[in-house]
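So the number in this note's numbering is just where the residue sits in the sequence shown, counting from 1, plus 11.
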Amino acid sequence: MRRFGLGCIALVLLAGCWSGSNQAAAPSPTTASPTPSPTPSPTPKPKPKPKPKPAVNPLTGLRGVPSQRVVVVKIDDTASGRPQMGLESADVVYVEQVEAGLTRLAAVFASRHPTVVGPVRSVRNSDPELLGTYGRPALAYSGGAARPVGVLRRSPVLDAGPQRVGGAYRRLGGARHAPYNLVVDTSRVAAAAVGASSVRDIGLRWSVTDPALANARRVNAVSVLVGRTAVRFRWSPRARLWLQVDPDGSYRRTSSGRVIATPNLVVPFSPAHVDRSDVDVVGNPSVYTSTVGAGTALVFRDGRMLTGRWSRARASGPTTYLNAARKPLTLRPGGAWVLLAATGAPVSMR
Numbered sequence: 012m013r014r015f016g017l018g019c020i021a022l023v024l025l026a027g028c029w030s031g032s033n034q035a036a037a038p039s040p041t042t043a044s045p046t047p048s049p050t051p052s053p054t055p056k057p058k059p060k061p062k063p064k065p066a067v068n069p070l071t072g073l074r075g076v077p078s079q080r081v082v083v084v085k086i087d088d089t090a091s092g093r094p095q096m097g098l099e100s101a102d103v104v105y106v107e108q109v110e111a112g113l114t115r116l117a118a119v120f121a122s123r124h125p126t127v128v129g130p131v132r133s134v135r136n137s138d139p140e141l142l143g144t145y146g147r148p149a150l151a152y153s154g155g156a157a158r159p160v161g162v163l164r165r166s167p168v169l170d171a172g173p174q175r176v177g178g179a180y181r182r183l184g185g186a187r188h189a190p191y192n193l194v195v196d197t198s199r200v201a202a203a204a205v206g207a208s209s210v211r212d213i214g215l216r217w218s219v220t221d222p223a224l225a226n227a228r229r230v231n232a233v234s235v236l237v238g239r240t241a242v243r244f245r246w247s248p249r250a251r252l253w254l255q256v257d258p259d260g261s262y263r264r265t266s267s268g269r270v271i272a273t274p275n276l277v278v279p280f281s282p283a284h285v286d287r288s289d290v291d292v293v294g295n296p297s298v299y300t301s302t303v304g305a306g307t308a309l310v311f312r313d314g315r316m317l318t319g320r321w322s323r324a325r326a327s328g329p330t331t332y333l334n335a336a337r338k339p340l341t342l343r344p345g346g347a348w349v350l351l352a353a354t355g356a357p358v359s360m361r
């Protein structure tokens with residue numbers, strides 16, 4: 012029995028050796044994992060681009076910023092110089108006091124440059140201060156005393172008078188006579204005024220509506236005394252414009268037949284003093300109206316009157332108009348006339 016057991020063990024060992032030397036061990040069966048497909052990340056939806064706000068002309072509040080240079084023209088404002096030419100194309104018009112209680116206009120052109128504007132009149136010492144808010148506008152004027160011309164040429168305002176841009180000026184024939192027949196082509200002034208400014212913020216704020224109007228006084232007609240000249244306007248609800256009127260109540264028109272009109276009248280009451288360094292040909296001294304400083308302001312728009320204050324820190328800066336709540340006094344888009352009345356000047360309304 013013992014011998015049999017040893018033989019069996021030997022046979023078993025031999026079988027194991029043979030098996031290990033002639034046959035590879037079978038690999039353990041494995042199940043291949045499928046390669047997972049990448050989960051597509053959701054395509055991000057492009058964020059909608061904000062609609063650009065329409066660019067607005069800071070001189071009118073209307074869409075579209077003019078790329079042309081700013082040209083200002085000094086225009087006669089007496090009966091002898093009427094009807095004026097090209098005034099309806101101005102963005103902003105200033106009514107300023109000069110000598111003998113008379114007024115002169117400073118019309119600002121940027122949106123349009125008419126080829127005939129006038130009658131062109133002379134410069135005053137106060138003009139560079141007034142117009143400094145535009146940066147370096149080109150000033151078209153007929154001439155002036157030595158001192159005002161010198162003040163102009165030392166200021167940032169660009170001299171675009173006949174001595175500098177002579178080809179832009181001409182005299183009209185017919186019934187008009189000097190000095191009321193000089194006109195200027197503002198497009199030629201703009202082309203020649205190398206270095207003149209384009210439009211920029213001068214402080215006016217524009218809005219079709221203003222909550223302050225709800226409690227504002229209604230005004231159908233207004234008369235502001237600038238110097239000794241009553242500047243009169245009547246509100247037209249249909250046109251939504253202030254129409255300029257003559258003492259007899261008729262509407263004042265330009266040479267084209269259009270009624271002189273504006274959606275806004277701005278009255279910044281300003282310090283004014285006699286300027287004896289600037290006298291006319293018969294010896295009347297001019298008046299210097301200071302447009303740097305602060306004072307009471309009225310704004311007439313939409314047949315109502317808003318009240319507040321104006322302030323301007325320097326000649327090169329804008330003029331701020333605020334109401335009692337320190338909110339801007341807004342203007343209806345479309346341009347403005349600015350009546351430079353002296354502090355305490357009378358205003359009549361109905």
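All C-beta atoms in this analysis are idealised placements derived from N, C-alpha and C, irrespective of residue type, glycine included.
Neighbourhood of residue i by C-beta distance below 7 Å, restricted to the same chain and skipping five residues each side
{"i": "L230", "result": "Residue identity differs from the one stated: residue 230 is Val in this sequence, not Leu. So the list reads W246, F311, G314, R315, M316 and M360, once near-sequence residues are dropped."}
{"i": "V103", "result": "L70, V119, G346, A347 and V349"}
{"i": "P139", "result": "V162, L163, S166 and V168"}
Alpha-carbon to alpha-carbon, residue j and residue i
{"i": "P167", "j": "V134", "result": "15 Å"}
{"i": "V349", "j": "L276", "result": "6 Å"}
{"i": "T354", "j": "L163", "result": "25 Å"}
{"i": "A179", "j": "A121", "result": "17 Å"}
{"i": "V106", "j": "A151", "result": "16 Å"}
{"i": "L193", "j": "D88", "result": "14 Å"}
{"i": "R337", "j": "R199", "result": "42 Å"}
{"i": "S78", "j": "V128", "result": "20 Å"}
{"i": "G206", "j": "R74", "result": "25 Å"}
{"i": "S218", "j": "P274", "result": "12 Å"}
{"i": "G154", "j": "V67", "result": "34 Å"}
Beta carbon of residue i nearer than 9 Å to that of residue j
{"i": "V285", "j": "V298", "result": "yes"}
{"i": "D257", "j": "A111", "result": "no"}
{"i": "P125", "j": "G97", "result": "yes"}
{"i": "N334", "j": "G346", "result": "no"}
{"i": "P339", "j": "T331", "result": "yes"}
{"i": "E99", "j": "R269", "result": "yes"}
Where residue i falls, given that 16 or more other Cβ within 10 Å makes a residue buried
{"i": "P279", "result": "buried"}
{"i": "G161", "result": "exposed"}
{"i": "D212", "result": "exposed"}
{"i": "P222", "result": "exposed"}
{"i": "G294", "result": "exposed"}
{"i": "P38", "result": "Reliability fails at P38, whose pLDDT of 43 lies under 50, so the model's placement of it is uncertain and the value that follows must be treated cautiously. Exposed is the call here."}
{"i": "R343", "result": "buried"}
{"i": "T114", "result": "buried"}
{"i": "Q174", "result": "exposed"}
Contacts around residue i, its chain only, beta-carbon distance under 6 Å, and the 5 residues preceding and following it disregarded
{"i": "Q2", "result": "Outside the displayed span of the chain (12 to 361) sits residue 2, for which this structure offers no information."}
{"i": "A352", "result": "V235, V237, V278 and F280"}
{"i": "P357", "result": "L236"}
{"i": "N226", "result": "none"}
Residues of its chain near residue i, where Cβ-Cβ distance is below 8 Å and the 5 sequence neighbours each way are ignored
{"i": "S208", "result": "R80, V81, Y145, G146, R147 and P148"}
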